[in-house]
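Take a look at the structure below.
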Amino acid sequence: MSEEQIIAKGREVIKIEGNAVLGLEKSIDDSFVKAVKIILSSKGRVVFTGMGKSGLIARKIVATMNSTGTAAIFMHPTDALHGDLGMVRKDDVVIMISKSGNTEELLNLIPMFKRIDVKIIGMLGVRDSKLGRECDVCLNVSVEQEACPHDLVPTASTTASLAMGDALAIALLEMRGFTPEDFALLHPAGSLGKRLSLRIEEIMIKGKDVPVVNEETPLKDTIYEITSKRLGTTCVVDDNGLLTGIITDGDLRRLLEKTLDLKDLKASDVMTVNPKTIKPDLLASFALQEMEKYNITSLIVIDDFGIPVGIVHLHDLVKLGLQRR
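Per the UniProt record's numbering, the very first residue in the sequence shown carries number 1; after that it's consecutive.
Given below as structure tokens:
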């Protein structure tokens, strides 16, 4: 194949699979509503099962549902017939995925599911099939053609099943009122979970590590405070400990461009008043947004009285992976 033919083939596959997904829109009908309601009303889990590539798709949908508030597990059809059927309970809902609707391993499970009296939802490429006639609800995931040139290898059909599974998961998410905070509880690791859950008080520099000087502190001692705390900045407070300003490395450089006579200067002569601040109970991701908005590298954390209790530095937020990717 020439390079042009390779590109053409790749585009053809994307087009076929894209059309397969778009064609599913008409399949979102009363059966879809019934499937969502069955899952919502159940007190158990959603048990997915499927053979071969349908099984692999089922595993992915399980992962999506678990991460969006719907408890789900995967059960291999063959293993189910050799003991794993014990994981299915009366309150569960079973979703069977099959392109043909006649998968023998799944058909063998039907009598067992009927005996347990669980609801069965089929995601089938052929609704009028043996499995389709046994299911309580049947979701149509049929496709006009596979991307495989011989119309054999499951490609468009597995993509369609995956999209239908995502549609179910997101519909359930909406019905449950699943919030970003709920998502964060299920994703404590990773940048997304941290952005949704990590608060400023958990990651801010605090205590003796926070650089603070009084307004009357000589500039020489102020520079030492900035240097020793290694944050490139210091808070400036009045005699009551209330924040009145901030001094940064940049302020000092700009001062030196104007004069080298620093001996009579004090912190209040150099500080920038009304510095940007933040409260400790806000999300750490909000601090990053504020820094990006004002093009600054640190924020002073103050309590309800205006007393500095910490500092959040841009480098620390980046290290935590809070930046959007």
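All C-beta atoms in this analysis are idealised placements derived from N, C-alpha and C, irrespective of residue type, glycine included.
Collapsed DSSP secondary structure at residue i in the structure displayed
i	result
methionine 271	coil
isoleucine 311	strand
methionine 204	coil
phenylalanine 286	helix
phenylalanine 113	helix
valine 62	helix
glycine 321	coil
isoleucine 296	coil
lysine 119	strand
methionine 75	coil
arginine 89	coil
leucine 124	strand
proline 183	The question names proline, but residue 183 in the sequence shown is phenylalanine. Three-state DSSP puts phenylalanine 183 in a helix.
glycine 306	coil
serine 98	strand
glycine 83	coil
glycine 177	coil
glycine 50	strand
lysine 279	coil
aspartate 316	helix
Selection from the options that minimises the alpha carbon distance to residue i
i	options	result
leucine 255	Ile223, Glu12, Ala284 and Lys276	Ile223
leucine 283	Thr227, Ser228, Pro180 and Leu242	Pro180
proline 211	Asp221, Phe305 and Pro77	Asp221
glutamate 25	Ala163, Leu317 and Lys43	Ala163
serine 42	Lys90, Glu104, Phe48 and His82	Lys90
aspartate 117	Glu104, Thr49, Thr234 and Asp136	Asp136
histidine 313	Asp30, Glu17 and Asp209	Asp209
leucine 109	Leu139, Val153, Lys34 and Pro77	Pro77
histidine 315	Ile246, Gly245 and Arg230	Arg230
threonine 297	Ile73, Leu198, Thr233 and His150	Thr233
methionine 112	Glu104, Ala80, Lys263 and Arg133	Ala80
serine 285	Ile200, Val213 and Leu22	Ile200
serine 228	Ile307, Val213 and Gly241	Val213
glycine 52	Arg127, Pro154 and Val318	Pro154
glutamate 134	Ile7, Val33 and Lys114	Lys114
proline 275	Asp264, Ile302, Lys263 and Ser142	Ile302
isoleucine 38	Gly23, Ala63, Met291 and Thr70	Thr70
glycine 23	Gln289, Gln145, Asp151 and Phe305	Gln145
glycine 241	Gly306, His82 and Glu104	Gly306
isoleucine 28	Gly165, Gln289, Ile6 and Glu4	Gly165
methionine 291	Leu317, Val270 and Asp304	Leu317
phenylalanine 74	Thr68, His82 and Ala63	Ala63
valine 143	Asp304, Lys293 and Lys15	Lys15
Short Cβ contact (8 Å threshold) for residue i with residue j
i	j	result
methionine 87	isoleucine 120	no
threonine 277	isoleucine 311	no
valine 47	valine 13	no
alanine 20	alanine 160	yes
proline 218	lysine 266	yes
alanine 147	glutamate 17	yes
serine 100	glycine 125	yes
serine 31	leucine 139	yes
valine 273	threonine 248	no
methionine 65	alanine 58	no
glycine 44	aspartate 92	yes
asparagine 102	serine 67	no
Assumed close pair residue i, residue j - CB separation to whole angstroms, cut-off 8 Å
i	j	result
leucine 106	threonine 49	7 Å
aspartate 238	glutamate 215	6 Å
leucine 320	isoleucine 203	7 Å
glycine 131	serine 98	With the sequence shown as reference, residue 131 is identified as leucine, and glycine is not the correct amino acid for it. About 6 Å; that satisfies the 8 Å criterion.
proline 280	cysteine 235	That pair is no contact at about 14 Å.
methionine 175	leucine 40	6 Å
Closer than 7 Å: residue i CB and nearest the ligand FAD heavy atom
i	result
glycine 165	The ligand FAD is absent from the structure shown, which contains no ligands of any kind.
Item to complete: Please go through the stretch 2 to 45 and give each complete alpha helix (DSSP H) segment of 4 or more residues, from N-terminal end onward.
Response: 3 to 22 and 30 to 41
Fill in: Inside the stretch 138 to 162 only - alpha helix (DSSP H) runs reaching at least 4 residues
Restricted to the stretch 138 to 162, not a single alpha helix (DSSP H) segment is unbroken, complete and at least 4 residues in length.
Item to complete: Give, in chain order, every unbroken run of the beta strand (DSSP E) that is at least 3 residues long and sits entirely within the UniProt domain "CBS" (204 to 262).
Response: 212 to 214, 233 to 237 and 243 to 248
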